[in-house]
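Protein chains: 2
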Amino acid sequence: MKARVVVTLKSGVLDPQGKAIEGALKSLSIDGVAAVRQGKVFDIEFDGEDRDRVRKTLSEACERLLANTIVENYAIEIV
Amino acid sequence: MKARVVVTLKSGVLDPQGKAIEGALKSLSIDGVAAVRQGKVFDIEFDGEDRDRVRKTLSEACERLLANTIVENYAIEIV
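Note that the protein sequences, when read in sequence, are chains D and C.
Letter by letter, the first sequence follows residues 1 to 79 of our numbering.
Letter by letter, the second sequence follows residues 101 to 179 of our numbering.
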C-alpha cells in the first residue's frame, strides 16, 4: 500500500527558500507568479493493506519525525 | 489562482535522504514501512485566472528551475 505525506510551512511562518525561488523565477522572466511556498513530500510504501493501521502509523511518523508541528502542517493521502 | 508542483526522483535514482528517513522510522519503532522516497512540493500563487497560461508558465518554470528533468519527474496540479 502506498501513501503520500505532504509537509508545508504554516501560514505566517517565513519561507526564505520560497522567496528565493520567487526571485529566481522573476530573474528568468517567468511572470505572473505572486507567491511561492516550498514544502516536502514523502512517498511511503507500506507492507500490508490495512488502511486504518497505515493512517495511524503515518500520523505517528509525522508527529515524531516527518513534520515539526510547531511550524509545519502535514497532510496524509493514502493511494 | 493556486497551483501545486510536486517534484520526485525518477525511479531507479538513489535516494539517500529517503533511506535515512526509513532508518530513522525503524529506530523509532515505527514499523511496517517498506520504502520511503523524499521529494519537494511548491505551492505557487498566480495573478489572474487563465488556467492554460498558468499551466504553460508552470511547465516552463519546472523545466528551467524547479526540477532537474534528468533525474526528477514533476507533476502540476492546478487547484
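Glycine included, each C-beta is placed from N, C-alpha and C at the ideal position.
Quick caveat: nothing in here was measured; it's all calculated off a predicted structure.
In chain order, Lys-2, Ala-3 and Arg-4 place their CB closer than 7 Å to the CB of Val-79 of chain D, counting only its own chain and leaving out the 5 sequence neighbours on each side. Between Lys-10 of chain D and chain C, the shortest Cβ-Cβ separation is not below 8 Å. With respect to the C-alpha of Leu-66 of chain D, the residue from C:Ala-134, C:Phe-146, C:Glu-122 and C:Ile-170 having the closest C-alpha is C:Glu-122. For Thr-57 of chain D, at least one C-beta of chain C is nearer than 8 Å to its own C-beta. Considering only D:Ala-61, D:Ile-76, D:Leu-25 and D:Gly-12, the residue with the shortest C-alpha distance to Ser-129 of chain C is D:Ala-61. Contact between Lys-10 of chain D and Val-71 of chain D holds: CB atoms are separated by about 6 Å, below the 8 Å threshold. One finds Gly-132 and Ala-134 in chain C with Cβ atoms closer than 7 Å to the Cβ of Asp-47 of chain D, taken in chain order. When Cβ-Cβ separations below 8 Å define contact, Lys-40 of chain D makes contact with chain C. Using a Cβ-Cβ cut-off of 8 Å, Asp-43 of chain D counts as an interface residue toward chain C, since at least one Cβ of chain C sits closer than that to its own.
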